[in-house]
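Those protein sequence lines, which keep their order, are chains A and R.
The numbering of the first sequence is the working numbering, which starts it at 85 and goes up by one.
The numbering of the second sequence is the working numbering, which starts it at 3 and goes up by one.
All residues carry an ideal CB built from backbone N, CA and C; glycine is no exception.
On a predicted model such as this, the values are computed, not experimentally measured, just so you know.
What follows is a set of notes on a single structure, which appears directly below.
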Amino acid sequence: MGKTLAEKLWEGHLVHTAPGEPDLIYIDMHLVHEVTSPQAFDGLRLAGRGVRRPDLTLATEDHNTPTDYTLPLLGTSSIKDDVSRTQIETLRRNCAEFNIELYPMGDVEQGIVHVIGPQLGITQPGMTMVCGDSHTSTHGAFGALAFGIGTSQVEHVLATQTLPLDRPKTMAVMIDGELAPGVTAKDVILAVIAQTGTGGGQGYMVEYRGSVFEQMSMEARMTVCNMSIEWGARAGMIAPDQVTFDYLKGRTHAPSGADWDAAVEYWHTLRTDDDAEFDAEVTLDAAAISPFVTWGTNPGQGAPLSGSVPDPADYVEASDRISAEKALAYMGLEAGTPLRDIKVDTVFVGSCTNGRIEDLRATAEVLKGHKVADSVRMLIVPGSMRVKAQAEEEGLDQVFTDAGAEWRQAGCSMCLGMNPDQLAPGERSASTSNRNFEGRQGKGGRTHLVSPLVAAATAITGHLASPADLVKS
Amino acid sequence: MDKFTVHTGRAVPLRRSNVDTDQIIPAVYLKRVTRTGFEDALFHAWRANEPGFVLNQDRFAGASVLVAGPDFGTGSSREHAVWALMDYGFRVVISPRFADIFRGNSLKAGLLTVMLAEKIVQRLLDDIEDDPSTEVTIDLIERQVRWTGEVHDFELDDYTRWRLLEGLDDIGLTLRAPEYIDSYEQSRKPWLPALTTR
Ligand code: SF4
């Protein structure tokens, strides 16, 4: 019997295997940021251990960095919060001590960890990648095995460049057909999560398959793989193809010359064999997917924008009913309200889900010639300093500021309440990020997850909307 | 990681069930950047707000075994909960039932979590409350808990027991056979990305 892509990746990285023990897996690249690494470095020091492969370790600052500073800036004086500043300063000291490449705030290469790996060509097909961050699955878009790890695992990788792991099962998500115009990767993954529930992928390495994913750009594929963790999957991946190779060619760390040819030849073998079997399969119909938004407090509580806030009483399972009731109470929503009638205060475009150049282009396309509604604050935050530079070269920043939106420095920003970009209690946002948990964007804040297209249209109208609604009005 | 063979010490009775990790260590302490020094954080709210709380009672000072009600360690998976217990001086926690993730974290870090039947734990709680000087022995070699007049077996898989006896954390285990890693590295594809380090 043939093998799935995930199995090939797993077996290609087996350092050691023995009955009754977890597999020891080699890690090709370890990404590090300021939040989950301090104790790992401290653990190394306590045990008198070093970093085995600093050359396979890359660090950046993203979660705590403010996004409204003025360049050039390499110090930490712009960080007002003591804890945030300490985390950043600790990362800098640790990287210096252990000889690890770090892109600090203000550096041209700085950005969200999951945005900079791909753009540097560091993320490549066939690799294993880890980071102390649950959205590491993003890198699976290249046909890599990439997943988030905990702090003690970060320490393990630093010390040994390996991880002892039990092999997860495999699952396929199959979506064939054509997406309707205006339906994006974000809508696809929100629809997948709404169908499977937030625990549907638990214990699985998931491969997204079918023509819908084959037709996506690399950045769209990253959006899909990014949110794998939101339905519990251990990793998400898409087989590499010409789109992948074209994206990689010429990037800083991509192979070149004869290496490139050898790499491409190898990358072509990274596909699920025709006779391979998955442990589980999920199928969706592309034509049935429309712009999707969340109404609740987990990413699985979503519905088509054309629908309404559901009635908790309609849920069969008691646990679903209770969780929907709690979500509506927190979100301040009434069952039956058309989703399009929900007014927002804040619109956030950014994060490792939707903070790349294509996302910004899509946002600009919709905003062009419009104004952000008076009642709305719109933040547009590039995922990396390179994305920022590219957007400015294309004049997108001008479109944003002309429309009345704020254009910021790179970072995680309002994706999570760890830096100054936060919602106030009771404020409601339409956000292109990946988590709508209670308080995620600031204490008491209410989050609706949306695509960049929906975010832009919502900013203009002041209520949840898609670009198609703008034409009508 | 220190080896764990046989430990004898006095015990603290924590008569509460469903002690979640947020009670073991409140979220505000997660912002620290060190791996040690969490002893002040342990059960912080209870120690601050309840003068009668067991850890505030002199008669239990210096105990190294924590005896708790069922479902100890539920809630978020923070590894800090284990660190705080160890930093405070606990080497063993005994409870009728532990949350899975907490138990996994504890056994990896070298904090022995022992499950005994609920009625046995009840008797142990009674005994240490009656006489705080009671010495409890946790014998990992025999997989036994013993105190005045009582001997009880507990279960722990062979692999975990061996690791604790040898004092091997995951990293120590992996580093016992570095030749596997060395030889894997010989076979890596030549074009894989690497950063120049200073
Ligand atoms: S953008 Fe959000 S999800 Fe992505 S790494 Fe930053 S905080 Fe995590």
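Query, Result
"Could you check whether the region 491-500 of chain A touches the region 454-464 of chain A, counting it as contact only if at least three pairs of C-beta atoms, one from each stretch, sit closer than 8 angstroms?", "yes"
"From the beta carbon of glycine 334(A), is the nearest beta carbon of chain R less than 8 angstroms away?", "no"
"Since serine 236(A) meets chain R, which of its residues come closer than 9 angstroms, beta carbon to beta carbon?", "Glu81, Asn107, Lys110, Ala111, Asp171, Asp172 and Ile173"
"Using the rule of at least 16 other Cβ atoms within 10 Å of the residue's Cβ for burial, across every protein chain shown, is arginine 37(R) buried or exposed?", "buried"
"Compare the C-beta of histidine 117(A) against all C-beta atoms of chain R and say whether one is closer than 8 angstroms.", "no"
"Determine the closest residue to phenylalanine 100(R) out of Val21(R), Gln188(R), Arg125(R) and Asp60(R), with distance taken between C-alpha atoms.", "Val21(R)"
"Just to check my reading of the structure: valine 431(A) and alanine 539(A) have Cβ atoms closer than 8 angstroms, yes? What is that Cβ distance to the nearest angstrom?", "5 angstroms"
"Should isoleucine 143(R) go down as buried or exposed, given a rule of 16 or more other Cβ atoms within 10 Å for buried?", "exposed"
"Have a look at Thr545(A), Glu478(A) and His114(A) and flag the residue whose alpha-carbon is nearest the alpha-carbon of leucine 194(R).", "His114(A)"
"Provide the residue(s) that pair with arginine 512(A) in DSSP beta bridges, ordered along the chain.", "Arg530(A)"
"Check whether the Cβ of threonine 10(R) lies closer than 8 angstroms to any Cβ atom in chain A.", "no"
"Name the two residues that bound the continuous alpha helix (DSSP H) containing lysine 270(A).", "269-280"
"So is isoleucine 122(R) in contact with chain A if we call contact Cβ pairs under 8 angstroms?", "no"
"Can you pull the chain R neighbours of tyrosine 414(A), defined as C-beta to C-beta under 9 angstroms?", "Neighbours of tyrosine 414(A) on chain R: none; closest Cβ ~19 angstroms, over 9 angstroms."
"Would glycine 439(A) be called buried (16 or more neighbouring beta carbons within 10 Å of its own) or exposed?", "buried"
"Cβ of leucine 533(A) versus every heavy atom of the ligand SF4: is any distance shorter than 7 angstroms?", "no"
"What residue from Gly232(A), Arg177(A) and Gln245(A) has the CA that sits closest to arginine 137(A)'s CA?", "Gln245(A)"
"For the region 239-258 of chain A, which residues have a CB atom closer than 8 angstroms to at least one CB atom of chain R, in sequence order?", "Glu239, His240, Ala243, Thr244, Gln245, Thr246 and Pro248"
"Who does alanine 319(A) pair with in a DSSP beta bridge?", "Met289(A)"
"Under 8 angstroms between C-beta atoms, does tyrosine 90(R) make it to chain A?", "no"
"Under 7 angstroms from any heavy atom of the ligand SF4, does the C-beta of asparagine 518(A) make it?", "yes"
"Put valine 119(A) into one of helix, strand or coil per three-state DSSP.", "coil"
"Of all the CB atoms in chain A, is at least one closer than 8 angstroms to the CB of lysine 33(R)?", "yes"
"Considering Cα atoms alone, identify which of Val400(A), Gly234(A) and Phe125(A) is closest to isoleucine 184(A).", "Phe125(A)"
"Indicate the three-state DSSP secondary structure (helix, strand or coil) for glycine 341(A) in the structure shown.", "helix"
"With distances taken from CA atoms, which of Arg163(R), Ser97(R), Pro98(R) and Ser66(R) is nearest glycine 86(R)?", "Rather than glycine, the amino acid found at residue 86(R) in this sequence is alanine. The candidate whose alpha carbon is nearest that of alanine 86(R) is Ser66(R)."
"Starting from methionine 300(A), trace the beta strand (DSSP E) both ways and give me its first and last residue.", "Premise fails: methionine 300(A) is in no beta strand (DSSP E) and is neither H nor E."
"So does cysteine 179(A) have its beta carbon nearer than 7 angstroms to some heavy atom of the ligand SF4?", "no"
"Candidates Tyr31(R), Lys191(R), Leu197(R) and Thr198(R): which alpha carbon is nearest tryptophan 351(A)'s?", "Lys191(R)"
"Let me confirm a value: leucine 130(A) is counted as buried when at least 16 other C-beta atoms fall within 10 Å, else exposed. Which label applies?", "exposed"
"Hey, glutamine 194(A) and glutamate 239(A): beta-carbon distance below 8 angstroms or not?", "no"
"Using beta carbons (cut-off 8 angstroms, strictly below), is glutamine 203(A) in contact with chain R?", "no"
"State the CB to CB distance for the pair valine 377(A) and alanine 387(A), rounded to an integer number of angstroms; the pair is presumed to be in contact (CB under 8 angstroms).", "7 angstroms"
"Looking only at C-alpha atoms, which of Glu449(A), Gly334(A) and Ser168(A) sits nearest to leucine 537(A)?", "Glu449(A)"
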